[in-house]
Ligand code: SAM
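In the working numbering, the protein residues as written are 730 to 1001.
Now the structure itself:
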């Protein structure tokens, strides 16, 4: 692994923390450009690792809060950036971090990162709960996950993640990244995505639990008709008068259709 000429610290990538470090300067510059960090912004980086994105982001924004779970990497980051008064390090599992405590106000957080792919779905769902605090998010994710986030009705990628994310956020696939840009190389392709909370939202306001319940039931068995899958959410009487064609399958409904169904769950008090 090392020769005497190498840096004094050599970190062995930990698989359990989804560590694939970016080394491609071109990709790093493209991500930083997509974020366009500026002074006075509240930047939060998830999984700074060895600082590939941290250094240019901190330089441009003058301030950055980094969340890193790996004790050795946290020590390395402290050594490298601890002297910068704009640098704050939270050594913790991002899934346990209280984002409300980090936000100086509504719609203030700019959350970024080359995310650990093993926790990306629970992390995205968790961040959605904090959407009022978030200005925008720019993430590197597994390409397949970005395709699911961005998918529209009728596509095989369209599912629970697509509907829940698109209800809250505009989703833009910015560019794809090949495995060779990382060390070690991941087994999958990656992509950078921008998620921007919708303000104002074009959708009716619904109880998040009601929307989650309808969407979960609909996609629980993708191949069945909604008449079958929505039975656990609506009574037979309700099913007969729903404002959608219940002979369709989950992937045929738009986000707006799901919102209209969630409104009915609210009104009838049938949500769990
Ligand atoms: N940003 C660096 C880069 O681009 O080279 C590292 C990206 S690497 C894909 C993911 C990073 O997230 C690693 O540094 C890993 O230790 C960290 N990480 C993994 N699970 C985490 C968790 N639950 N909470 C916070 N950080 C985590």
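All C-beta atoms, glycine included, are put in the ideal place defined by N, C-alpha and C.
- Would you check whether the ligand SAM has a heavy atom nearer than 6 angstroms to the C-beta of residue 986? no
- Message: Does residue 917 pass the burial test, meaning 16 or more other C-beta atoms within 10 Å, or should it be called exposed?
- Response: exposed
- Is it the case that the Cβ atoms of residue 910 and residue 756 are separated by a distance below 7 angstroms? yes
- Message: Which same chain residues end up closer than 7 angstroms to residue 809 when comparing Cβ atoms and leaving out the 5 residues on each side of it in sequence?
- Response: 780
- Task: Go to residue 758, then tell me how far its alpha helix (DSSP H) extends in each direction, as first and last residue.
- Result: Start and end: 754 to 764.
- Message: Going by C-alpha to C-alpha distance, which of 878, 923 and 804 sits closest to residue 739?
- Response: The candidate whose alpha carbon is nearest that of residue 739 is 804.
- Message: For a quick check, are the C-beta atoms of residue 789 and residue 766 less than 7 angstroms apart?
- Response: yes
- Beta-carbon proximity list for residue 796, same chain, < 6 angstroms, skipping 5 on both sides: 775, 819, 823 and 826
- Is the Cβ-Cβ distance between residue 897 and residue 852 less than 7 angstroms? no
- Item | Neighbourhood of residue 841 by C-beta, 6 angstroms cutoff - its chain only, sequence neighbours within 5 removed | 764, 774 and 867
- Task: Tell whether a beta-carbon distance below 7 angstroms holds between residue 786 and residue 793.
- Result: Contact flag set, yes.
- Nearest-angstrom Cβ-Cβ length linking residue 923 and residue 903, presumed shorter than 8 angstroms: 6 angstroms
- Message: Rounding to the nearest angstrom, what Cα-Cα distance links residue 830 and residue 859 in this structure?
- Response: 11 angstroms
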